[in-house]
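Each residue of the sequence shown is one higher than the last, beginning at 5 in the numbering used here.
A virtual CB, placed ideally from N, CA and C, is assigned to each residue, including glycine.
Keep in mind the model is a prediction, meaning the values are calculated, not measured.
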Amino acid sequence: MIYSWAKIFNVTPDYVLFEMSYENLIMYGCAAPHHDDEKDDWDASIDANDPNNFNNGNDEEVFVR
């Protein structure tokens, strides 16, 4: 746990152990970004890995040889 706090706060583990109080660690930890903070704004219509997104429903594919 000490190493993860040191990584999050970008300090050494010794600094976390000897220079920071437990109350400050809890406050800083609550303010640190979490993985579930971001909203899922995924839009499948802009997925470049899906070839169906490159075909417009009205357009026909043109093959050039």
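Helix, strand or coil: which one does DSSP assign to TRP9?
helix
Please report the Cβ distance between PRO17 and ILE6, rounded to the nearest whole angstrom; I am assuming they are in contact, meaning their Cβ atoms lie under 8 angstroms.
5 angstroms
So, helix, strand or coil for SER25, using DSSP?
coil
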